[in-house]
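Peer 1: Here the sequence shown is numbered in the working numbering, starting from 1287 and rising by one per residue.
Think of the CB as a built atom: it goes at the ideal place given N, C-alpha and C, for glycine as much as any other residue.
Structure below; questions to follow.
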Amino acid sequence: MDLSISSPFRGAFPAPTSTFILNPKSRCSHSLNLFKHRNSYSKNPLFSRQKIPIRAQVSDPAVDDGFVIDDVPHLTDFLPDLPSYPNPLQNSQAYAIVKQTFVRPEDVVAQKIVVQKDSSRGVHFRRAGPREKVYFKSEEVRACIVTCGGLCPGINTVIREIVCGLNYMYGVDDILGIQGGYRGFYSKNTSTLTPKVVNDIHKRGGTFLLTSRGGHDTQKIVDNIQDRGINQVYIIGGDGTQRGASRIYEEVEKRGLKVAVAGIPKTIDNDIAVIDKSFGFDTAVEEAQRAINAAHVEVESVENGIGIVKLMGRYSGFIAMFATLASRDVDCCLIPESPFYLEGKGGLFEFIEERLKENRHIVIVVAEGAGQEYLAQSMQGIDEKDASGNRLLLDVGLWLTQNIKDHFTKQRKMAINMKYIDPTYMIRAIPSNASDNIYCTLLAQSAVHGAMAGYTGFTVGPHVTETQNTVKLTDRMWARLLASTNQPSFLNCDESTGGKVCKDTIDLINNMKITSI
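Below, the structure written as structure tokens:
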């Protein structure tokens, strides 16, 4: 699996930035581009730098093939006289058998995997991995790790692998854990992290370092970093956390400090703007199967059983979509990206009634951000935000359950058995599975390699995007779900074109931005 590094920290999020990216979307190549099965360094929407157009070596020098590198910030950008040192990995027993220990300067990861024959080569990111030269002596490194925001399977694995990577690969002994999120920099005591201390924390859910939302004060945080002599900062968190990391990076650069700032993006919803897959996602999809299976058993055992399972997904329905595809027991999946309606021809009520007549039961999976526009109309809206700046959502699961119950018992005069399951906190709190553990290791080690090589203001991950990651209704994955569940699309179709969705609707979908209600 190849990862890239990109620079997401500069500029307003989600402006383009440089990050180390693990790219699992691509074919299984063994370059470092995280989500595309290649690890690479790429720009992160938090730290944006200029894209560098480079003309490839071709037989005709007049040909411009559109090869562009989205480069990553480096400490030498503002500390030009910084000395470099041989990478201690060249003497590592673990890497002794590796054919090519170090990533070459010209190694890059393509942003697009599928291209046309005559298209330009497009944007590329720096490949993640160890460099031949490092800009920190092992004995001079004082690193710190902080976790912010909500819980997600795999946080402890990332912490463990950063500590072990720094110690085992680079001989770093001075590693601090910042307790309780960003405010821990200036209001909490730190803990000393060693491989022995973190040895088995990957077996536990939650975060070993504690977490919190908000509490970001750039000046206080960088003052603390400077006072403690910290020169490597590893920040684990979602969009809000990475925005904070961006401000830390900018202040560090402004002060001219030799401090590498590395971000490891975290969001269980898989909706973070800088990568196309986040750690903990596979675990969440796997654990969601237990809730879906329980709902299916319940409704299958009664007459006219209707089961509703609410899953995470504030703005993006990836967990709901993938859990539905994996389950095969789901009859309908509702996500924020796909508007739906309850009454009338082709509506959800009609579909539920048809399935009850056919199968005597139905299972519906709904993402927490789905249908918020309907809830806002029928219920008193809550115009409040949490400490991370996320708007508080109305409970679509309870709202949908009550509306279905009222429709069938009061209007249709049908006896139904409603079953509602909300496994949200059960899913968030579990340890990561084997797949996510491996992925967390790739992310953590790529972050360590990047920081030691002098890169800063970057995040690690498989692919970089400049907008929030959402389900694309016009892509094949959503079509696969519709084919699997045989549910209605809830979109306007033109019967004259054989049921094809009209062009105006497609244009609306392609241009749609998911916003909180």
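Enumerated in chain order, which unbroken segments of the alpha helix (DSSP H) with a length of 4 residues or greater are wholly contained in the segment 1540-1593?
Peer 2: 1567-1586
Peer 1: Let's test the definition: count the other Cβ atoms within 10 Å of the Cβ of Tyr-1535 and tell me whether it reaches 16, buried, or not, exposed.
Peer 2: With 16 or more neighbouring CB atoms inside 10 Å of its own CB, Tyr-1535 falls in the buried class.
Peer 1: Taking Cβ positions, are Ala-1720 and Val-1444 nearer each other than 8 angstroms?
Peer 2: Not closer than 8 angstroms, so no.
Peer 1: Is Lys-1552 buried or exposed, if buried means 16 or more other CB atoms sit within 10 Å of its CB?
Peer 2: buried
Peer 1: Compare the C-alpha of Gly-1603 against each of Ile-1592, Cys-1618, Pro-1622 and Arg-1614 and name the closest.
Peer 2: Pro-1622
Peer 1: Are Thr-1745 and Pro-1359 close, meaning C-beta to C-beta below 8 angstroms?
Peer 2: no
Peer 1: By the 10 Å Cβ neighbour count, where 16 or more other Cβ atoms means buried, how is Gln-1376 classified, buried or exposed?
Peer 2: exposed
Peer 1: Around the Cβ of Gln-1663, are there at least 16 other Cβ atoms within 10 angstroms (buried) or fewer (exposed)?
Peer 2: exposed
Peer 1: Using the beta-carbon count (16 or more within 10 Å), is Lys-1423 buried or exposed?
Peer 2: exposed
Peer 1: Can you check whether the CB of Ile-1550 is closer than 8 angstroms to the CB of Ile-1522?
Peer 2: yes
Peer 1: His-1807 and Val-1649: beta carbons closer than 8 angstroms?
Peer 2: In the structure as shown, the chain begins at 1287 and stops at 1803. Residue 1807 is therefore absent and cannot be evaluated.
Peer 1: I believe Gly-1242 touches Arg-1714 by the beta-carbon criterion, under 8 angstroms. Please report the beta-carbon distance rounded to the nearest angstrom.
Peer 2: Beyond the ends of the chain as shown, which are 1287 and 1803, falls residue 1242; an answer cannot be given.
Peer 1: In or out: Asp-1404 buried (at least 16 other Cβ within 10 Å) or exposed?
Peer 2: So Asp-1404 ends up on the exposed side.
Peer 1: Tell me the DSSP secondary structure of Cys-1314 in three-state form.
Peer 2: Bear in mind that a pLDDT of 33 at Cys-1314, under 50, signals an unreliable position, so the number given afterwards is only what the model happens to contain. DSSP, read as helix, strand or coil, puts Cys-1314 in coil.
Peer 1: By Cβ distance, which residues of its chain are closer than 7 angstroms to Thr-1387, with the 5 residues on each side in sequence left out?
Peer 2: Leu-1375, Gln-1376, Tyr-1381 and Pro-1416
Peer 1: Buried or exposed, going by whether 16 or more other CB atoms sit within 10 Å of the CB of Gly-1245?
Peer 2: Look at the range of the chain in this structure, 1287 to 1803, and you will see that residue 1245 is not part of it.
Peer 1: Give the C-beta separation of Ser-1732 and Leu-1452 to the nearest angstrom, bearing in mind that I take them to be a contact with Cβ-Cβ under 8 angstroms.
Peer 2: Contact flag wrong, Cβ pair sits at about 13 angstroms.
Peer 1: Output needed for Leu-1661: all residues of its chain with C-beta closer than 7 angstroms, excluding positions within five of it in sequence on either side, in chain order.
Peer 2: Excluding positions up to five away in sequence, the list reads Leu-1680, Val-1682 and Trp-1685.
Peer 1: Does DSSP put Ser-1406 in a helix, a strand or coil?
Peer 2: In this structure, Ser-1406 counts as coil in the three-state DSSP scheme.
Peer 1: Look at Ala-1548 and Gly-1736 and say whether their C-beta atoms are less than 8 angstroms apart.
Peer 2: Less than 8 angstroms separates the beta-carbon of Ala-1548 from that of Gly-1736.
Peer 1: Less than 8 angstroms between the beta carbons of Cys-1619 and Glu-1447, yes or no?
Peer 2: no
Peer 1: Going by DSSP, what residue range makes up the alpha helix (DSSP H) through Met-1738?
Peer 2: 1720-1738
Peer 1: Suppose you measure from the CA of Tyr-1456 to the CA of Cys-1450; what does that come to, to the nearest Å?
Peer 2: 9 angstroms
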